[in-house]
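In what follows, a structure is listed as structure tokens, so that the remarks can point back to it.
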Amino acid sequence: MRSWNLNPISAFKTFIFILNQSSAMSAEVLLEVKNLVTEFKTESGHVKAVNDVSFTVNKQEIIGIVGESGSGKSMMGKAILGLLPGPHVRAVGGKILLEGRNLFDLSEDEMRAVRGRRIAMIFQEPMTALNPLMKVGQQIEEVLEIHTTLTPLQRRERVLELIRDVHLPEPERMIASYPHQLSGGQRQRVVIAMALALEPALIIADEPTTALDVTTQAQILALIKEIQAETGMAVLLITHDLGIVANMADEVVVMYRGEVMERGPCEAIFRNPQHPYLRALMDAVPKFGMADDERLKPIRDIKIAALPVGHVTHQPDPDRTVLSVRNVSKSFTLRSSGLFGKAAERVAALSNVSFDLKAGRTLGIVGESGSGKTTISKVIMRALKPDSGTVFFDDGSGPADVAALRGSALMRYRRQVQFVFQDPFSSLDPRMTILDILREPLDVHGIGTPQQRVERVIQLLGLVGLDQRALRRYPHSFSGGQRQRIGLARALAVSPSVLICDEPTSALDVSVQAQILNLLKDLQNALGLSLIFVSHNLAVVDYMADEIAVMCRGLVVEKAPCATLFRNPVHPYTQALLKAVPAPDLDHPLDFAALVSGGFSNPAQWPAPYTIRPIDPEPVLVEVAPDHFVSHGASLDVQEAVA
Amino acid sequence: MVTPTAPVQAMPAPLGQAHWVNPAPFDADATRPLTAEEERYYRASGLKLIWWKFIRHRIALIAGIFLVSLYASLPFVEMIAPYGMASRHADHLYAPPQPVHLFHEGRFVGPFVYPYAFKFNLEKFTRDYVEDRSTPQKLRFFCQGESYDFWGITRMNVHLICPPENGTAFLLGTDRLGRDLLSRIIYGARISLTVGLIGIAVSFVIGLTLGGLAGYLGGWVDASVSRTIEVLRSLPELPLWLALSAALPVNWSPILIFFAITIILGLLDWPGLARAVRSKLLALREEDFVKAAELMGASRARIIGRHLVPNFMSHLIASATLSIPSMILGETALSFLGLGLRPPVTSWGVLLNEAQNLAAVNLYPWLLFPMVPVILVVLAFNFMGDGLRDAADPYH
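Protein chains in written order, with the working numbering: chain A, 4 to 646; chain B, 37 to 432.
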């Protein structure tokens with residue numbers, strides 16, 4: 004090991020050569036986890052976070068550990084690195100053998116050497132994994148400085164080489180920049196370069212792409228795969244996403260509540276799943292191209308109570324437009340840098356956004372971070388004032404400009420349009436009981452007598468499938484999914500006609516997500532609700548929506564009925580989005596080669612006629628097929644064509 | 037991909053692991069009934085959770101019990117103190133502490149003291165007090181002693197401890213006028229401890245109002261409050277106290293001076309609290325449940341009263357507890373320098389004022405005893421405040 008550190012480049016290649024030679028003969032076991040048990044202490048005693056888990060990682064193999072929250076998958080990654088946050092959490096049984104050495108027997112110093120040289124880690128959050136005060140180059144170099152005897156010049160060479168290996172542009176400039184100057188994907192590439200610096204035998208990647216957008220995620224996955232194939236190291240990929248596992252892993256370990264449910268080669272796991280949990284999990288993932296009446300099967304289904312009497316379900320007239328967003332633009336001022344810095348910069352969060360929501364239907368808004376999808380929902384809720392454009396709301400008595408509503412008309416609007424939040428932990432007041440939380444909208448709007456309000460709250464609990472015992476409890480006693488159902492019940496308390504759901508399931512596990520999605524669908528049918536469903540997850544939107552608007556950088560780039568959009572995506576951004584979603588299906592692998600180029604969300608890089616350069620006038624929506632609109636760059640000829 | 041994947045049928049796979057399925061029965065719907073303990077936890081309000089968390093913090097709990105019993109004893113100081121606050125004993129000037137003994141000539145007698153024989157040392161011009169070891173004098177408990185006005189209602193003469201009949205019990209010695217120091221410390225607690233409370237009440241009201249306005253309204257209100265805080269914080273504290281208290285009219289009654297001093301302390305202490313309120317409010321306003329209430333159409337008063345105040349009150353009380361000690365220290369410092377309270381009002385600082393010259397400290401070191409309760413109380417407030425602060429957010 005020391006010898007090739009002295010002259011890393013050539014020695015490294017020799018090393019790879021040897022590895023390739025050996026692997027051709029037989030799979031060598033690199034890491035063996037045997038009957039691992041870790042415990043953590045809670046108020047109510049000891050809980051086994053990882054319980055009797057065994058698996059092996061062979062050299063040159065990607066092993067995927069997949070599980071929902073609380074399955075113990077991250078705890079296991081930490082245990083392998085010897086980073087359990089003791090004394091409350093410790094390994095109490097089993098062995099972890101790295102190349103035959105039990106890691107539990109090593110001293111802290113020996114373990115530190117193992118962590119740097121033999122096992123490296125890629126974290127979930129690329130921002131917090133990098134020191135914001137150090138230049139990127141310094142941070143990578145630091146690893147080499149601690150663990151090798153390279154001269155400064157050699158270190159710099161090696162850093163540049165690493166930067167090139169992870170395909171970061173302009174390596175010379177890159178090493179001199181600070182983490183905040185990079186995008187999330189670029190930061191994650193830097194983290195990967197750091198992990199690669201000492202050519203470890205094993206990389207543990209704990210949810211390496213969860214914080215990234217789907218197109219960026221695909222690129223990072225492609226990078227990990229490419230580097231793994233080139234260097235021949237093993238990767239332990241911890242994730243909650245079956246789609247990522249299907250696309251990346253050679254071997255799969257499925258965990259649930261600290262135990263292994265099923266493990267085996269990727270083929271066997273996906274083609275021939277045996278364990279009821281794994282099968283249920285696969286049934287719970289929304290997939291593209293599901294039939295209209297096909298339902299997701301959550302692991303635990305919610306039985307909603309029969310509809311309360313007196314809740315009139317007005318069958319909505321599907322031709323009436325409930326909400327109409329017309330040419331809404333909104334830009335934010337970025338804080339100018341420093342006291343006497345340059346003039347404030349303005350960033351367009353929404354430019355000229357228009358869409359309609361029909362009564363009783365679901366409009367899906369899809370987009371990555373920074374697409375403006377949350378901003379538009381805030382504008383509709385009147386939590387933000389648009390710079391220009393109008394939102395019209397029609398409760399049956401004709402369209403009314405939402406921005407002009409005052410007094411009782413505004414209160415009526417607030418009753419009619421309700422919002423479901425993304426984060427189930429921050430959306431419920433921790434100091435109020437469930438009864439108080441659900442009664443609050445009734446109190447605010449002065450609906451019913453106190454007795455009637457309590458009855459209504461009990462009805463609402465039944466509506467979202469919760470027990471009456473929940474009434475006197477506080478939010479801290481509920482899981483994420485249950486809290487989201489309470490949030491939903493609160494939104495439904497005042498019998499709204501429109502529900503705006505902002506990423507309502509992105510903080511939840513797949514099986515719980517299926518529950519909530521089904522619940523939303525059932526409630527929509529029962530109550531005649533119109534839904535705006537905002538999400539970054541195309542498959543979820545596909546499952547929920549009748550019509551979809553795809554947003555990018557504040558623009559609606561494509562708008563079409565759901566089936567049309569998925570059958571025939573026209574805009575390059577929509578196409579890239581669709582290609583980038585990893586499906587839990589071995590027959591539809593990601594096309595990594597098509598995804599490495601990047602730049603999908605940069606309007607200036609879209610091919611003609613979709614290109615929008617910053618100097619161009621506003622783009623126009625062109626109807627390419629009935630009800631199918633695509634944004635075209637507004638160069639003169641296109642405008643003429645439209646005219 | 038380097039490793040060829042195994043075909044489904046081949047088990048075990050040639051390179052990888054065998055396809056293994058956990059044989060244990062699996063029931064996703066399995067739920068177990070809640071234990072009474074869990075149900076109790078689920079129904080616990082925020083206050084209860086804070087209390088549960090606080091009592092697990094041992095030192096804070098002990099400090100809390102200590103402080104509560106101190107404050108609870110304040111109305112009864114006349115009864116607890118063995119002597120009156122101003123009773124003088126002309127033949128026991130500067131008497132050193134009289135130790136309490138239990139055994140006399142190897143025999144258990146119970147708590148008693150030996151009487152002091154007084155002799156004036158003409159060589160050194162000092163007073164020498166010698167214990168007369170021959171006659172033990174037993175201390176009396178729940179006994180008749182000096183009479184006093186109790187709460188201005190009745191005259192009483194019951195004391196917790198009394199000196200022996202025809203004897204003295206100066207457990208912490210006496211001062212230059214022959215007044216019992218222990219009794220004066222007990223009386224002084226009344227003033228010193230309430231200074232902190234009244235002062236914090238003043239600063240609480242100002243801090244809550246200004247910090248709340250700054251945090252909730254934002255804009256120019258926020259800017260001006262923040263700047264005021266910065267200016268106030270940049271002024272050196274002690275000279276400011278000195279200047280303000282020196283400005284109080286000399287002819288005011290001691291009680292009026294007392295209130296003026298507490299208000300001065302409060303007026304200079306609010307910036308810290310206002311800052312805490314402001315930052316907590318700014319953080320809370322970003323929480324989704326506040327936005328939810330806004331989108332519901334809830335009035336401002338409702339949002340503040342139902343959502344914001346309950347959620348930051350516990351933090352506020354914790355930070356208020358942490359700033360009481362600085363008030364007590366402030367009063368002590370001012371009075372020590374002779375610019376705070378003036379006799380006959382007695383506080384710990386006033387008592388320490390007597391220990392200002394070196395001769396006193398050298399010859400009569402027991403005059404420094406009032407420092408001990410100051411240290412204990414300040415420490416206890418700090419421990420309790422720490423515990424409260426840790427417990428204030430029970431949801432983490």
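For each residue, glycine too, the CB sits at the ideal point set by N, CA and C.
Does any residue of chain B bring its CB to less than 8 Å from the CB of residue 220(A)?
Not closer than 8 Å to any Cβ of chain B, the Cβ of residue 220(A) fails to qualify, so no.
Is any beta-carbon of chain A found at less than 8 Å from that of residue 469(B)?
Nothing about residue 469(B) can be read from this structure; chain B reaches only from 37 to 432.
Using 8 Å as the limit for Cβ to Cβ distance, is residue 431(B) near chain A?
yes
Tell me the start and end of each unbroken alpha helix (DSSP H) in the segment 367-423 of chain B that is at least 4 residues and wholly inside, in chain order.
Runs of the alpha helix (DSSP H) inside the segment 367-423 of chain B: 384-389, 394-399.
Closest to residue 448(A) by C-alpha separation, out of 331(B), 298(B), 218(B), would be which residue?
331(B)
In whole angstroms, give me the CA-to-CA distance for residue 52(A) and residue 238(A).
Roughly 22 Å between the two C-alpha positions.
Does any residue of chain B bring its CB to less than 8 Å from the CB of residue 181(A)?
no
Taking the alpha-carbon positions, what's the residue 237(B) to residue 428(A) distance?
34 Å
Are residue 140(A) and residue 179(A) closer than 8 Å when you measure CB to CB?
yes
Is there at least one Cβ from chain B nearer than 8 Å to residue 480(A)'s Cβ?
yes
Contact set between residue 82(B) and chain A, taken where Cβ atoms lie within less than 8 Å:
433, 434, 477
Look at the alpha carbon of residue 95(A) and the alpha carbon of residue 56(B), and state the distance between them as a whole number of angstroms.
24 Å
Distance cutoff 8 Å, beta carbons only. Does residue 278(A) sit that close to anything in chain B?
yes
DSSP on residue 107(A), reduced to helix/strand/coil?
helix
With distance defined between alpha-carbon atoms, name the residue in 439(A), 67(A), 561(A), 511(A) nearest to residue 269(A).
67(A)
Quick one: give me the first and last residue of the alpha helix (DSSP H) that residue 269(B) is part of.
255-270
Through-space distance from residue 50(A) to residue 430(B), alpha-carbon basis:
21 Å
Considering only their Cβ atoms, is the gap separating residue 267(A) from residue 255(A) smaller than 8 Å?
Yes.
Answer with yes or no whether the minimum CB distance from residue 258(B) to chain A is below 8 Å.
no
Which same chain residues, not among the five before or five after residue 113(B), have their C-beta less than 6 Å away from its C-beta?
222, 223, 226
Give the interface partners of residue 426(A) over in chain B, defined as CB-CB distance under 7 Å, in chain order.
324
Simplified DSSP state of residue 290(B), which is helix, strand or coil:
helix
Got a sec? Which residues, its chain only, sit under 6 Å from residue 301(B) by beta carbon, not counting five neighbours each side?
Correct list, in chain order: 235, 363, 366.
If you measure beta-carbon to beta-carbon, which residues of the segment 165-180 of chain B are closer than 7 Å to chain A?
none
Please list the segments of the alpha helix (DSSP H) lying wholly inside the segment 91-146 of chain A, counting only runs of 4 or more residues, in order along the chain.
111-116, 129-132
Using 8 Å as the cut-off, can you tell me whether the segment 199-214 of chain A makes contact with the segment 524-536 of chain A, which would need three or more C-beta pairs spanning the two stretches below that distance?
no
Return the residues of the segment 371-388 of chain B that lie within a Cβ-Cβ distance of less than 8 Å from chain A, sorted by chain order.
none
List the endpoints of the continuous alpha helix (DSSP H) containing residue 448(A).
For residue 448(A), the enclosing alpha helix (DSSP H) has its first and last residue at 437-448.
How is the beta strand (DSSP E) around residue 652(A) delimited, first residue to last?
What is shown of chain A runs 4 to 646, which leaves residue 652(A) out entirely.
Going by CA-CA distance only, name the one from 85(B), 118(B), 379(B), 74(B) that's closest to residue 288(B).
Considering only alpha carbons, the answer is 379(B).
Relative to the C-alpha of residue 189(B), which residue among 427(B), 134(B), 326(B), 111(B) is closest?
111(B)
Can you name the residues that DSSP bridges to residue 267(A)?
255(A)
Helix, strand or coil, according to DSSP, for residue 2(A) in the structure here?
A query on residue 2(A) cannot be resolved here, the shown segment of chain A reaching from 4 to 646 and no further.
Which chain A residues sit within Cβ distance under 8 Å of residue 56(B)?
263, 265, 266, 267
Taking C-beta pairs closer than 9 Å, name the residues in chain B that residue 417(A) reaches, listed in chain order.
Residues of chain B passing the Cβ test: 331, 332, 333.
What runs of the alpha helix (DSSP H), each 4 residues or longer, lie entirely inside the segment 398-425 of chain A?
Runs found: 410-419.
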